[in-house]
Structures are given as C-alpha cells and as structure tokens.
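Data first, discussion second: the structure below is written as structure tokens.
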C-alpha cells in the first residue's frame, strides 16, 4: 500500500521549555479560542461527512478576521495562514519558537501550517496527531472521548484517578481539575510525550504520565476513579498498525483483559467508567458475562447500551479513515475489513458505557439500560450516581425500602395518550429527565396509583399502609404486592430516593 504520510517529527519539542508551552496555552485563552467560540462553526454542515464538513468550516472561518479564527484555521482546521498572520495571532516569540520546534511548518509559498491537530475539551487544550497517519499516532479527542469525559468527571473531588490508554492525555487532563493526583498510562511513548506537552501548555502539574501496557505501570496502586476507552476495533490481516485502534482479532481481547484486572486496582469505594464497543456475533449481551469477567465480589455493574452500529457502516468508516492518506484503496480496505468481520460472524458493533462501582456496604447487582441515540451524549457522573443509588435501593432488604422516602425525579412528565382506535383506554406514559436519558416508560393504571401513593407519602411504609386501607387488606399483604412494583420503578427511574433527587453537582 502506498501514499501514506509518516508521522510528523516531535524531537524538536524537547527544546521547548514548559514555560513556553504554557505561554502558548495562555495566548490561546487570551484571544478567545474556546469551545463556545467554535460552536457556531462546528455546527455548520453537521450532517455532512467529516471530510466535507471540514471544507465548509474552513470557508466560514476564512471570512472571520479575528485572532481566534486565525488560530483555529492554523491549529484545528488544517488550513494555512501567512507567517505574518501567525506571528500576529500567537505572538512573534511564540510563533518563531513553534516553527523551530516543528509544531508549525513553512511551505514553499511562505505560508504556515501545523502538521498536528489541536482539540479543546472543556477548558483544556490538547495537541494530538491526525489519526489517518496510523502507526503510533496519538489520539486526542475521538468521537466518544468527550462523552466519556462527561460520564467520568467526578461529582465530588477524588484523591487518585487513573486513565488507562491515555493517548495525548485528554481525559487525564480533564480529570486533573477534580482530582488531587492523576496517573495516565499508555504503551505508546509518542502519546506520553504529547501528553506531557499538553499538561505544560495547560499549566497542569498533578498528572503523572507512565509508560507501559494497561495496568503494568501501576501494579501496586489503587485508585478512586479509573477511566478507559481501550482499543476495541477488530484487526483484519494486513491492516496497517495503529496502536490506538486495534483490540485484537475480534476487537474485544484487550477490553476483556482490562476488565479482568480492574477491581484489583480500584479502591474499596471506587468507580471505574469505560467506553467499549463489542462485536455483536450472537454470543450474548456483554452484561451477561461481565460479572464473571470482572471477578469482583463487591462490584455493582451498570451497562448503558447505545444503538448498535451495523458492520457495513463500521467497516466503511474505518476504511475511509485508513484510506484518507492513500490513493485508490478505499474499495480494497472496505472489502478486507468486511471479509474479516464476516469470517468471525460479526454483523454489528454494540457500544456500551460501563460503570463499575465498588462498595462493600451495598448489595451486589448487574443492570443494563438502553440509551436512545438522541441521548447518547447525556451521561454524566451525576446521572450515574443517581442510577446506581436507585439500583442499590431497589436491591435492599424490605425494611430498608419501607423506610425510604421516594419521589419521581425532578423534571419527570406524566401524560395520557389517546388514540382514535380506542379513545376510552389512554396509554399512561412517563417521560424521564436527562439523568435517565429521557426514557419513555408506559404504566398501567395500577402502577400509576402505587407511584402516586408513594410520591405523596412520607415513607414507603406510609404508602403501604394507605394502600392496605384502600384495599381492605393487611399491611403485610399490601407490602407483598407493592414492593416488587416499587423496586421495578426504582430501576426504571420512575421513582428515586430523596437523597439522590436534589440539584445536580457541577459537571464538565
């Protein structure tokens, strides 16, 4: 295969002092290059393929004259600007230093461009590689990286956090804002080098980058929070090497190895949050074997399942990325990838966000929840807190549940839907808030009555007593009828404990 470009050289970066990288970060913030500034641009052509959207974004940015637009063109949108414009934008001293280091390069016409790519995650600037280079290219913010950041960003500060497979350091640097100390590991020395530069650029000093595979660099350490998006793509024979991408022949070999060791590095009340895509080959949903795979007696496991991606789309997407630097090879690569998945019986790819919560005081359970496509970016640490708290209570003994105060989550909407076919039998639907991903749950009249009683009572026991009086039955009999329905309502999110039903903490 020909036509692929080599990775840009980073050896010149070693000559740039931490203070000079920091000056670049401060300059980008000073000129207003932020996610908010870019949002109107990045929303243009949102339904177009990325290679077409980029051209539209550049067209609009070229018609904006401020420094933030010039910096975005130069560092984020693969465009060239004049050397004079680069000096005016970044400051002459910074621009000249970056030219000598190789972060910026001059073309034959004197115009300046960057062979690297700048990403913005919240308030964090991250330089990474164009992943079309393959090989040891260092990932910055992939398609799901920011979603994982939001889901993992802790509701309250933690002491020690770990990112496995950190790439250029995006998630580790974001976690540093809510962690006393973060360790970031990667098997790729290039990724770690870029990670350290990104930490310096953002003035972050509490992230330690360690070289090695998976948990090997932290063999004897435990953490309050572990976050990872391990390589999970199936690698066909003859595919170009890509450290960040492949999880094995099927794609799930590396994720399984990671899960098997995760609890040995998770503190007794710690949480792990992972994004993994699984091969859908009829072997069963991931949650069916996760508990055995993790091998942790006190883990609570919550799986958020996103809409599956069919194999055709998956292969076309990754083959297009691989062919971006080549010539006339897209058909060949799609065929190779598709043949590989077909030989393994993989017809779809199932994306999951997995939360593993350790707590020796709470009951053990495994649960799965389907998330609609439109809510795929709504997972936050606060929403995971609420979901886990609900499942914990739903699995408690009867006395604990009877003593709880439960209410529908704030923002829940109850509706009756009538149809012309049978207008006398309306469907009762509950539309849940973002913490439960806007799910729609259909209730029976009986279930609505039980939820209404619980929502108005001081405790579940009080609601049981009211139900017993209405039905003319003994309280014990009423509890036997009500508690299974209440447990199910907790798992669905129709009811939540008051302790987890308050205002959401700050999120990323």
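Numbering (my numbering), first residue to last: 2 to 509. Note that beta-carbon positions come from the ideal geometry of N, C-alpha and C, so glycine has one too.
Which residues DSSP lists as bridging residue 355, in chain order: Bridge partners of residue 355: 275 and 304.
Member of 106, 79 and 78 whose CA lies at the smallest distance from the CA of residue 88: Out of 106, 79 and 78, 106 has the C-alpha closest to the C-alpha of residue 88.
Residue 483 burial status per 10 Å Cβ neighbour count (16 or more: buried): By the Cβ neighbour-count rule, residue 483 is buried, with 16 or more other Cβ atoms within 10 Å of its own.
Beta-bridge pairing of residue 129 - partner residues as DSSP gives them: 118.
Buried versus exposed call for residue 338 [16 or more other C-beta atoms within 10 Å across all chains shown]: Burial state of residue 338 is buried, judged by a 10 Å Cβ sphere holding 16 or more other Cβ atoms.
Between the CA atoms of residue 132 and residue 116 - distance to the nearest angstrom: Looking at the two C-alpha atoms, the distance is approximately 12 Å.
N-terminal and C-terminal residue of the alpha helix (DSSP H) that residue 33 is part of: Counting along the chain, residue 33 falls outside any alpha helix (DSSP H), and DSSP gives it neither H nor E.
Three-state class that DSSP yields for residue 202 in the structure shown: Judged by DSSP in its simplified three-state form, residue 202 adopts helix.
Three-pair Cβ contact test at 8 Å for the region 150-168 versus the region 227-242: Three or more Cβ pairs closer than 8 Å define a contact, and the region 150-168 meets that threshold against the region 227-242.
Through-space distance from residue 197 to residue 389, alpha-carbon basis: Cα-Cα distance, rounded: 34 Å.
Presumed contact (8 Å Cβ cut-off) between residue 434 and residue 410, rounded CB distance: Between residue 410 and residue 434 the Cβ distance is about 5 Å, and since that is below 8 Å, they are a contact.
Supposed contact pair residue 312 and residue 347 - C-beta distance, whole angstroms, cut 8 Å: About 6 Å separates the two Cβ atoms, so the contact holds.
Endpoints, the beta strand (DSSP E) within which residue 333 is located: Unbroken run through residue 333 is the alpha helix (DSSP H), 331-344; no beta strand (DSSP E).
Whole-Å CB distance - residue 461 paired with residue 487, under 8 Å assumed: Indeed, because the Cβ distance is near 6 Å, the residues count as touching under 8 Å.
Spatial distance of residue 356 from residue 489 (CA atoms): Distance between the alpha carbons of residue 356 and residue 489 is about 20 Å.
Simplified DSSP state of residue 4, which is helix, strand or coil: Because residue 4 sits at a pLDDT of 42, beneath the cut-off of 50, its placement in the model cannot be relied upon, and the following sentence gives the value as read from the coordinates. Here DSSP, grouped into helix, strand and coil, assigns residue 4 to coil.
Cβ neighbours of residue 404 in the same chain (closer than 8 Å, five flanking residues each side left out): Correct list, in chain order: 460, 461 and 462.
Residue span of the beta strand (DSSP E) that contains residue 185, given as start and end: That run of the beta strand (DSSP E) goes 180-187.
Where residue 452 falls: helix, strand or coil (DSSP): Residue 452: helix per DSSP, three-state reduction.
Range covered by the alpha helix (DSSP H) that runs through residue 263: That run of the alpha helix (DSSP H) goes 254-263.
Residue 38 - DSSP class collapsed to helix/strand/coil: Correct three-state label for residue 38: helix.
Candidates 9, 235 and 206: closest to residue 102 by CA position: When the alpha-carbon of residue 102 is set against those of 9, 235 and 206, the nearest one is in 9.
Euclidean distance between Cα positions of residue 58 and residue 42: Note on geometry: alpha-carbon atoms of residue 58 and residue 42 lie some 6 Å from one another.
The region 296-307 / the region 364-381 touching (three or more Cβ pairs under 8 Å): Result yes; three or more Cβ-Cβ pairs closer than 8 Å.
Assigned secondary structure, residue 140 (DSSP; H/G/I helix, E/B strand, else coil): Coil at residue 140, not helix or strand.
Euclidean distance between Cα positions of residue 272 and residue 358: Going by the C-alpha atoms only, they are around 4 Å apart.
Residue from 200, 340 and 163 with nearest C-alpha to residue 224: The shortest C-alpha separation from residue 224 is found at 163.
Contacts around residue 161, its chain only, beta-carbon distance under 6 Å, and the 5 residues preceding and following it disregarded: Taken in chain order, the residues that qualify are 182, 224 and 225.
Nearest neighbour of residue 110, chosen from 90, 81 and 100 [CA to CA]: Per the Cα distances, 81.
Start and end residues, alpha helix (DSSP H) containing residue 240: No alpha helix (DSSP H) contains residue 240, which DSSP labels as neither H nor E.
Backbone CA spacing between residue 350 and residue 86 [nearest angstrom]: Cα to Cα, the separation comes out at about 45 Å.
Separation of residue 321 from residue 328, as counted between CA atoms: Low confidence applies to residue 328: its pLDDT is 47, below 50, so where it sits in the model is not reliable enough to give any reading.
Own chain partners of residue 17 with C-beta closer than 7 Å, once the 5 adjacent residues on each side are dropped: If you ignore the 5 residues before and after residue 17, its C-beta comes within less than 7 Å of the C-beta of 98 and 102, all in its own chain and listed in chain order.
Unbroken beta strand (DSSP E) run spanning residue 165, endpoints: Residues 159-165.
Any chain D beta carbon closer than 8 Å to residue 231: Checking the listed chains, one finds no chain D in this structure; it contains a single protein chain.
Residue nearest to residue 361 in terms of C-alpha spacing, selected from 268, 68 and 422: Closest option to residue 361, judged by alpha-carbon separation, among 268, 68 and 422: 268.
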